[in-house]
Amino acid sequence: MDEPIEADPATEVCPNFMQPVFQTARTSMIENQNLPDIQTHEDAAQELANAWSEDNAERCEAYAAQQDALERERLDLELQARDAQRQESQQPPRNHTPPPQPPCQPEPEDQPAPTQRKRVAPPTVRRDRMISSTLPSRPSQFAINKVQNYEYVDLWYFTPDGYAEAARQAKATDNEGFTLAGGESGEHLGLKAMTTASNAILDEVLPWNVFTDTRQEYLDFLASVEWPERLYADMATFFAHIETHRIRKTDAGKRALLEYQAQARRDWHDSIKRNGETFDLAAINEELLKIIADEQQARDVRAQAREIQAQAREVELILWDKTTPARCRRDGEGHIINPQGQILCFNFQRKAGCPSRSHDDRHECTRCGKCDHGAARCPLVEKP
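Residue 391, in my numbering, is where the sequence shown stops; the numbers in between run on with no holes.
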């Protein structure tokens, strides 16, 4: 669940991304080959401002939805309290004696006796066979039902972690005896095995190497439950096209392909469920793939902008308390300079500190000048 938004984002002001503190970020964006439209620092600053505005608009919508949800929750609690009070007032007094009930009538003798459950026939034992040397891995009952019903299921359920979770669920179900009887033959299904795993990984964020290792496990299971040959061939061809697509050579391309395959498979299965027919999954929609890649790039830019904003707020908290002059200053390139003119380590000033010991001479607090702590942990820093 997303963390609640404490303050109204509409009150926030977009930073000036041309300030020196953002120079490193602007340079990184200019040098990024995945951002060909960003050639100058002005382009980078404008892109960061656009990303900030988009992110701020999304957070404003989320904040409004959050406030609406809180108001609905408050009204629901009020209604529940009123209902409870009304029910309590309508209950009869404790010394109230209920009216006598008429005597039970005997059941007619010709009422049919309850049906007897059919007994399962004993199995045949083949003395010429023994257990296989390689035991097959078994996914959870949840994943099995999804596959047999032609419904979407994440590939994680066919990974070693997914198999281990299925075994753990099956063992927990057996130990607790929490089963549901059903069917004429009295078969039992563990309820826990019929639900999603809490630690399952969505296809969109599955690591690429796990995807390439797991898709054959998934295809093998489709064959074991005798999927129709045509559907199996389409699924196998689809995975082959994803795994060999030209954009797979970059990390961004792999992420786009993973999200595309998840969306395409999900819609393919949903179409079967809705209409009893579906589209050609094996044909890659290049336009949709490009849209997904562009959206991921936009999210990356917004994430980078949020990180830069967080760093800027931390630097402002560290260096300026708004009431007294700062001990250190910044040069034209955004470096922190002490009174002796030496460049200080920026990371050392943050709460996390700097793990490097290759430049201890640059580890000096910008507030008091001591070397055993940075500005974020200095007792002189202004508390928010």
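Just so it is clear, CB atoms sit at the ideal spot from N, CA and C, and this is done for glycine as well.
Integer-rounded CB distance, given that residue j should sit under 8 Å from residue i
i: L351; j: C335; result: 7 Å
i: P16; j: R89; result: Actually they are not in contact, since the Cβ atoms of P16 and R89 sit about 35 Å apart, beyond 8 Å.
i: F355; j: H370; result: 5 Å
i: A259; j: A300; result: 7 Å
i: I12; j: A76; result: That pair is no contact at about 12 Å.
i: F52; j: R33; result: Looking at the sequence itself, residue 52 is Ala, so the reference to Phe does not match. At roughly 6 Å, the Cβ-Cβ gap stays under 8 Å, so A52 and R33 are in contact.
Selection from the options that minimises the alpha carbon distance to residue i
i: I249; options: A289, R66 and A72; result: A289
i: A58; options: R93, V308, Q270 and Q74; result: V308
i: T203; options: T373, N152 and Q87; result: N152
i: G360; options: E340, Q349, Q347 and A382; result: A382
i: Y239; options: E224, H252, R253 and R175; result: E224
i: W163; options: N206, P130 and E85; result: N206
i: R262; options: D220, V212 and L55; result: V212
i: E293; options: D277, H276, E54 and A271; result: A271
i: E54; options: T244, A14 and C21; result: C21
i: T219; options: A230, A247 and E233; result: A247
i: M25; options: A179, A56 and Y70; result: A56
i: A177; options: S147, I138 and D168; result: S147
i: I298; options: N282, L264, W275 and R281; result: L264
i: P214; options: G348, D161 and P386; result: D161
Rounded C-alpha distance that separates residue i from residue j
i: E266; j: L296; result: 9 Å
i: F165; j: R237; result: 22 Å
i: K377; j: D368; result: 11 Å
i: E314; j: L42; result: 18 Å
i: A173; j: A305; result: 37 Å
i: N345; j: R357; result: 16 Å
i: D379; j: C372; result: 8 Å
i: L324; j: V28; result: For L324, the predicted structure reports a pLDDT of 45, less than 50, and the residue's modelled location is therefore unreliable. A value from the coordinates is still provided. Cα to Cα, the separation comes out at about 13 Å.
i: T18; j: H366; result: 41 Å
i: E340; j: R384; result: 25 Å
i: R255; j: I208; result: 21 Å
i: E302; j: A310; result: 12 Å
i: S144; j: T221; result: 12 Å
i: Q92; j: L86; result: 10 Å
i: F228; j: P362; result: 48 Å
i: R175; j: D168; result: 10 Å
i: N23; j: L226; result: 52 Å
i: N39; j: S60; result: 22 Å
i: R253; j: V217; result: 19 Å
Whether residue i touches residue j by CB criterion (8 Å)
i: D210; j: Q268; result: yes
i: I291; j: T285; result: no
i: D241; j: D287; result: yes
i: A312; j: D50; result: no
i: R273; j: Y159; result: yes
i: I37; j: Q46; result: yes
Closer than 7 Å: residue i CB and nearest the ligand FAD heavy atom
i: C385; result: This structure lacks the ligand FAD, and indeed carries no ligand of any kind.
- Taking only runs of the beta strand (DSSP E) that begin and end inside the region 233–308, which ones reach a length of at least 3 residues, in chain order? none
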